[in-house]
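In my numbering, the protein residues as written are 228 to 330.
A quick write-up on the structure given underneath.
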């Protein structure tokens, strides 16, 4: 009976081919500026002109999400008349301000 190995060896060429197959796939990328929790009463009272203040400083890094998963942080930049994100750190977990949490 042939010996079975719990870890199957993968041919490097096969691995390269597998990676090449996923490279054309598209993913949703979004930038989160800030977040906070508000109660439903405050939400119901929102109207044009309402200001919402966040604890995040204007100088703080912004969070980049890929398919709703945190991926990187960077700073906002202006590219012509468009918004851009200059990546500063990849794979860093976002720092949540005190009092902001996710259930």
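C-beta: ideal position from N, C-alpha, C; glycine also.
Annotated three-state conformation of residue 269 is helix, per DSSP. Each residue's CA atom was taken as its position, placing residue 260 and residue 310 some 12 angstroms apart. In chain order, 258, 259, 260, 300, 301, 302, 303, 312 place their CB closer than 8 angstroms to the CB of residue 289, counting only its own chain and leaving out the 5 sequence neighbours on each side.
Assigned with DSSP and collapsed to three states, residue 294 falls in coil, not helix or strand. Remark: three or more beta-carbon pairs, one from each stretch, lie closer than 8 angstroms, so the stretch 259-277 and the stretch 289-298 are flagged as touching.
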